[in-house]
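Notes to accompany the following structure.
Chains as they are written, first to last, in this note's numbering: chain V, 70 to 184; chain P, 9 to 119.
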C-alpha cells in the first residue's frame with residue numbers, strides 16, 4: 070500500500086528565510102505522482118506543485134520547489150523567501166496509478182512564519 | 009460560477025440522523041472524491057467516482073453512501089450519523105491528468 074510520511078508536525082521560520090518541509094513516501098509502483106497542497110487557516114486546499122516519478126528535473130513553481138530524491142523516496146517542499154502569508158498547513162500527497170487519480174495524503178506540517 | 013461547490017458549509021446534526029452533503033462541479037471532470045479531514049490523520053479518502061454511475065470505496069467508507077447519477081454532482085450521505093463522523097469533509101474533482109481541485113469543505117458536527 071502507498072504511504073506518505075510527514076515527520077514534522079510543526080516548523081518555524083523567519084520571514085525572508087527559506088524552509089524545507091519533509092515528505093517521504095512508500096510505493097512499489099514505478100509510476101506515481103507527488104503533490105503538495107497548502108491549507109491556510111481559512112480551510113481551503115490549494116494545490117502548489119507536482120512532481121512525476123519520471124520527471125528528470127525537480128519541479129518549481131515560483132517560490133516553491135520540490136526536492137525530489139527518488140532513491141531516498143523523498144519529495145521535500147522548499148519555500149524560498151518565506152512570507153507571512155505562507156503560514157499554513159502543508160500536505161504532501163501521492164497519486165497512485167490505478168487509473169482513478171486518487172491521492173493519499175500525509176498528516177501535514179504546520180508552518181509558522183514570524184516577522 | 010465555474011468551480012466546485014459544497015453545501016452546506018456548516019452542519020450540526022444529531023446522532024442517528026441521516027445527513028447529505030452536496031458537491032457540484034462545473035468542469036465536467038470525470039473524477040470526483042470525498043475526503044474527511046481529522047486532526048492527526050490528514051485527509052482520508054471516503055469514496056471516489058471515475059464517472060457517472062461508477063463509484064468505489066476508499067480508505068474509510070463505513071457509514072457513508074454515495075451516488076453519482078450526473079457527472080457534475082457527487083452527494084455524500086451519512087446514513088445514521090455517529091459522533092465519530094464529526095469532521096471536515098472535502099469534495100474534490102480532477103480530470104485525467106491534473107491535480108485534485110477541492111471544494112471549500114463542510115464542517116459537520118454530530119451531537
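Every residue, glycine too, gets a C-beta built ideally from N, C-alpha and C. Remember, it's a predicted structure, so these values are computed and weren't measured experimentally.
Annotation: the segment 26-92 of chain P contains the following complete segments of the beta strand (DSSP E) (minimum length 3 residues), in chain order: 27-33, 39-46, 50-59, 62-65, 72-74 and 84-86. For residue 83/P against residue 40/P, the beta-carbon gap comes to about 10 angstroms, at or over 8 angstroms, which does not count as contact.
The DSSP-derived three-state label of residue 102/V is strand. Here DSSP, grouped into helix, strand and coil, assigns residue 103/P to coil.
Note on geometry: alpha-carbon atoms of residue 96/P and residue 125/V lie some 37 angstroms from one another. Here residue 50/P really is in contact with residue 175/V; their C-beta atoms are around 6 angstroms apart, less than 8 angstroms. Setting aside the 5 residues that flank it on each side, residue 100/V is surrounded in the same chain by 122 and 166, each with a C-beta closer than 6 angstroms to its C-beta; the list follows chain order. Proximity of residue 106/V to chain P, defined by a Cβ-Cβ separation below 9 angstroms, is satisfied. Shown here for residue 58/P: same chain residues with a beta carbon closer than 7 angstroms to its own, the five before and five after excluded, namely 38 and 39 in chain order. Each residue's CA atom was taken as its position, placing residue 24/P and residue 91/P some 9 angstroms apart. Within the same chain, and ignoring the five residues on either side of residue 73/V in sequence, the residues whose Cβ sits closer than 7 angstroms to its Cβ are 92, 94, 161, 162, 163, 173, 174 and 175. Cβ neighbours of residue 85/P within its own chain (closer than 6 angstroms, five residues either side excluded): 28 and 73.
The beta carbons of residue 111/P and residue 21/P sit no closer together than 9 angstroms. Counting only Cβ-Cβ distances below 8 angstroms, residue 171/V has contacts in chain P at 41, 53, 56 and 66, in chain order.
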